[in-house]
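Down below is the structure, laid out as structure tokens.
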Amino acid sequence: MYASNSPRDPSALALRVRKQLVAQASEAMRPLINVVQERLFASMDEAAPSREKQLRRDTWTAYQKNKNLWLDGVLKAWDRILTAPPATRKTDLALGASFELVGNEVVENKIVASRLALGLMETAATEVNDLRTRLRAVNSGRELNPNDIVHPETLFLALIEQWAACGMAPVAWPLINEVVRGQLFEPLKAAYATCNAMLVEQGVLPVIEFGANSRHSGFIPPAQDEPVDFPVGETYQQPGASNRGGSQQPGAGARAQGGGYGAPGMQGMSGMSGQPNQIAADYPGAGAYWQGTRAQGLIDQISRLLVGVAQSSGGAPFMGGHSGGGMGYAGGGAAMGGVPMQAGAPGLYGYGGAGSGSVSGFGAGQPGGQTNAVGAGTGVYGVPSVPLMSAIAQQPMLSDAYYSQPGAVLQGAAPVVIQRVASQMRQQSAELKTKAGTEGEKAVIELVALMFQAILEEDRIPSGIRVWFARLQMPVLRMALEEPEFFTKLDHPARQLIDHMGSCVLGFDASGLSSAALEVEVKRIVQVIEQYPETGIKVYQRVYEEFQLFLKKHLTQKPGTQKVVAVAEQVEQKETLAIQYTIELRNLIKDMPVRDEIREFLYKAWTEVLAIAAIRQGSQHESTLVLKKAASDLIWAASAKPNRADRARVIADLPNLLQCLRTGLSLTTAQPAAVEAHIKSISAVLVEAFMSKTQAIATDQIKALAERLANLEDYVTDGGAEELPLDAQSIEDLLGVDASALEVVSQGGGTATPVMMEWVRGLGLGSWFVLKYGGQELSVQYAWRSPQGYLHLFASSVGRSYLIQSVRIAGYLQAGLLEPQEREPLTLRATRDAMSKLEAEPTRLLA
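In the numbering used here, the protein residues as written are 2 to 848.
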């Protein structure tokens, strides 16, 4: 009950309170502008990869022009929200409603704003919730508009949207995110406290009695004909459309990232679905990679199970009959409990018709192994029942006592906490089964529950992270009911996210700093997913990308690793540029009459000089341009000189040319004796050219060559799968200090086949491997991939790092010298465990 001591003019009081909130937020925004400017300026001097440095410079330049526009835009946006007319609440999902396409940037902006709002709630939850409660009291108990300025998400969303609207790059927001948090959280907390004090002064709920918690994003069936916003991206189609299964999910065309557990995604297996035994013989080190055959069998088992469940109850099956290459099935056979299957039956939820599709992975006849998910072709599935989805949305969070802070689950109390969480999860599943509209829905609820029970029982995962994984059961269940592809696509974003997080935590020490940092990130990801259940697959894609960015930063944060990574990036740039310069230089002078000695010097020595100069000083730096010009001058000086004027010019320019060559060679690791040998050889060639009477190289050719060399970077292309001439000595020379903690793996392994190279490109950062090297079996974590993808860093728990090139990794995978510690991803193991329990006790499926 709300207090009866309400003000005479509730609307005016509520508006005055909201204006006070905006006024204090605006006051906090003004100094933020200068603090952001200082942060961007300081970031330009911090060590970072070249691309990151360029982003920082561009952001600093753009901010000078746009900072006032950003401030004005935010303040005006807040004022517009204040003066906007009230609107009724729109639901998350409606049956039979029209759908509105929402761009990627809209959803991404909301997720970033939600992340900031969650951060504010960690410090000001009491103030924010009290203000919401009091404003509801002023509003006669009616719910607040979701776009009300009192919601932190609304405040921060305007901040994010105006950042892009004023001309700033959205990708640059992480550069200022921490500054925004530091500058706004405390003033906003004070603003909410002031607003509460204003309402209490007017007699509005001096004491708040808390009842049951309400969910902000609950499932509420809409009123008839009420329009609905459904922010799931441009590719969404209304459930029940005939081409639902055939429509491409967002990101489906992208290369699989491997699920994070060391083996690649199913997309890389095109054309390999024939004989598993022959595949294993051809690729002895790829045991985990070819676990896809076993995984496909499990997927088919799930399909048969759900089809059989529906038909045994006289209902409609979950999936239409499957036809497809190799591992698919088409009618016939038996499901669990001896229930026969029928091909082409309608969908589980009462929709659909005969259909033909194939489960993703090992698909035949589609490029890249891409195959149709469940319901493809003419088969479709229906919408889950409204009572069930409403019950899922209204499920309370698991006990907050386990989630108060990172590491809250103490090691000694872990078994008790895990047992209690498991009990709550089972209770939730049992309650949801009573709301299920079909036997098929009960089967999905039980299958998801058993999967998360298996994850919760995985004692190799730190307890604190396991209880956060448990919170994903309800969002994943909602997705599994709406999108059965979760069961049949190993590269489903939700699976990839959980698998990648699992592959990282399975190797971490539960008591170490790394585990604590990872637990904080897992917590953040779970909270974002819970905040936006209605966005479906898109929120999983977004947080998975953010998790990968977190790993890139987290795995290289140790000072020793940062130094190694910085040097490795420079080495990669230098070596690849040298190779690319050599290729381009060969093309430039292939038709010119250049002596072999000069060609060899340019290809083997001078291209390395140009690469080092470009890395250290920039490709268009004055000294680098001088070295590039020296190449064309040398080619001209070493050509025939039939006329006196040219010979006089050579004599005049020769001292400067030789000095320039010496200066350039001094940039490399060449010894003084080697430098003098180069100069002596070049001098001999120049003497012969001076006396030669043959045709000279045309001046126009030399001029064109010089112009092209000056802009050499515009013509080079990325190299292929060629191993760089890299060794420990070159790294140590470039670093300038002892690099004894770094091992360059440059020997051993098998042949780098295209299949293995594709596997290397899909390795997930943070995954753990067993490296067989130097007569030892080492447990190493995949910590870093270079910007161009040539170099990879594996870190061991004893502090030693191993730098390996892509070609070498492929050879090690081929020979079985580098193997994932986990042969199956976490969700696949959990699914297998769930199926084993159902086979042992089939009656629990529909209990």
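Glycine included, each C-beta is placed from N, C-alpha and C at the ideal position. Treat the numbers as computed from the prediction; the structure is a model and nothing was measured.
Residue span of the beta strand (DSSP E) that contains residue i, given as start and end
i    : result
S802 : 802-806
P821 : 819-821
K783 : Contrary to the premise, residue 783 reads as Tyr rather than Lys in this sequence. Unbroken beta strand (DSSP E) run through Y783: 777-786.
W769 : 769-774
E796 : One point to set straight first is that residue 796 is Ala, not Glu, in the sequence displayed. A796 -> beta strand (DSSP E) spans 792-797.
F744 : According to the sequence shown, residue 744 is Glu rather than Phe. Start and end: 743-746.
8 angstroms contact criterion, which residue i and residue j should meet: CB distance rounded
i    : j    : result
V18  : L160 : At roughly 21 angstroms, the Cβ-Cβ gap does not stay under 8 angstroms, so V18 and L160 are not in contact.
L847 : L839 : The pair is not a contact, with the Cβ atoms about 11 angstroms apart (cut-off 8 angstroms).
A841 : A455 : That belief does not hold up - the Cβ atoms of A841 and A455 are roughly 14 angstroms apart, past 8 angstroms.
I499 : T828 : 5 angstroms
A569 : S787 : 6 angstroms
G767 : S504 : 7 angstroms
V422 : V468 : 5 angstroms
W769 : Q822 : 4 angstroms
I177 : V37  : 5 angstroms
F795 : L814 : Contact doesn't hold; Cβ gap of about 13 angstroms is too wide.
A816 : G763 : Rounded, the Cβ-Cβ distance is 19 angstroms, inconsistent with contact.
Q574 : I616 : 5 angstroms
I683 : P594 : About 17 angstroms; that fails the 8 angstroms criterion.
R57  : G120 : No, R57 and G120 are not in contact; Cβ-Cβ is about 23 angstroms, not under 8 angstroms.
Among the options, nearest to residue i - alpha-carbon criterion
i    : options                : result
V686 : L659, E47, Q563        : L659
I855 : F770, T435, V180       : Because the chain spans 2 through 848 in this model, residue 855 falls outside it and cannot be assessed.
E1   : D634, L482, L83, Y541  : There is no way to answer for residue 1, as the model of the chain reaches only from 2 to 848.
G765 : L550, V172, A674, A85  : L550
P485 : S620, V384, G817, D592 : V384
A853 : V676, W79, A711, P175  : Nothing can be reported for residue 853: it is not among the residues displayed for the chain, which extend from 2 to 848.
Y604 : Q581, S620, K773, G619 : Q581
T62  : A173, P476, E459       : A173
A394 : Y533, K704, A835, V627 : Y533
S115 : T134, L156, R81        : L156
I636 : A690, L611, A671       : A690
H679 : G750, S424, A606       : A606
E154 : N110, L578, H555       : N110
E162 : T435, L70, K559, V676  : L70
E820 : G298, M757, S837       : M757
S12  : R143, L662, Y783, P494 : R143
R709 : N644, A674, G763, Q621 : Q621
L662 : Q425, V521, L611, A85  : L611
Y64  : Q497, V745, L41        : L41
V417 : L457, P175, V688       : L457
S44  : T60, T608, R809        : T60
Run of the alpha helix (DSSP H) containing residue i, from where it starts to where it stops
i    : result
E47  : That residue, E47, is in no alpha helix (DSSP H); it is neither H nor E in DSSP.
Y541 : 538-555
D701 : 700-711
G751 : That residue, G751, is in no alpha helix (DSSP H); it is neither H nor E in DSSP.
Q187 : With the sequence shown as reference, residue 187 is identified as Glu, and Gln is not the correct amino acid for it. E187 -> alpha helix (DSSP H) spans 175-202.
H493 : Element bounds for H493: n/a, residue is neither H nor E.
I209 : Careful: I209 lies outside any alpha helix (DSSP H) and carries neither H nor E.
P673 : 673-692
R845 : Segment: none, R845 is in no alpha helix (DSSP H) and carries neither H nor E.
N390 : Looking at the sequence shown, residue 390 is not Asn but Met. Start and end: 387-394.
Cβ of residue i within 8 angstroms of any chain D Cβ
i    : result
E623 : Of the protein chains in this structure there is only one, and it is not chain D.
_Can you confirm whether the stretch 651-658 touches the stretch 591-600 when touching is taken to mean that 3 or more C-beta pairs between the two stretches lie within less than 8 angstroms?_
Verdict: no, contact absent.
*Touching by the beta-carbon criterion (3+ pairs, under 8 angstroms), the stretch 459-467 and the stretch 477-490*: No contact exists between the stretch 459-467 and the stretch 477-490.
*Would you say the stretch 21-41 touches the stretch 67-84, given that touching needs at least three Cβ pairs under 8 angstroms?*
Touching, yes.
_Which complete alpha helix (DSSP H) runs does the stretch 599-630 hold, if anything under 4 residues is left out?_
As far as the stretch 599-630 is concerned, its whole alpha helix (DSSP H) runs of at least 4 residues are 608-618.
*Okay, do the stretch 125-140 and the stretch 187-196 touch, 3+ Cβ pairs below 8 angstroms being the bar?*
With a cut-off of 8 angstroms on Cβ pairs, the stretch 125-140 is in contact with the stretch 187-196, counting three or more such pairs.
*Can we say the stretch 37-51 touches the stretch 144-152, given the rule of at least three CB pairs closer than 8 angstroms?*
They do not touch, by the three-pair rule.
*Quick check: the stretch 657-671 against the stretch 580-595, are there 3 or more CB pairs under 8 angstroms?*
No contact exists between the stretch 657-671 and the stretch 580-595.
*Give a yes or no on contact between the stretch 518-534 and the stretch 471-481, applying the rule of three or more CB pairs nearer than 8 angstroms.*
Touching, per the Cβ criterion.
*In chain order, which alpha helix (DSSP H) runs of at least 4 residues are fully inside the stretch 644-670?*
Counting whole runs of 4 or more residues, the stretch 644-670 contains the alpha helix (DSSP H) stretches 645-666.
*Would you mind listing the alpha helix (DSSP H) stretches within the stretch 425-485 that are 4+ residues and don't spill past its ends, in chain order?*
Segments of the alpha helix (DSSP H) lying fully in the stretch 425-485: 440-457, 464-471, 474-483.
*Determine contact between the stretch 537-556 and the stretch 804-821, defined as no fewer than three beta-carbon pairs at a distance below 8 angstroms.*
With a cut-off of 8 angstroms, the stretch 804-821 and the stretch 537-556 do not count as touching, because too few Cβ pairs lie within range.
*Please go through the stretch 120-169 and give each complete beta strand (DSSP E) segment of 3 or more residues, from N-terminal end onward.*
The stretch 120-169 is shown to contain no whole beta strand (DSSP E) run of 3 or more residues.
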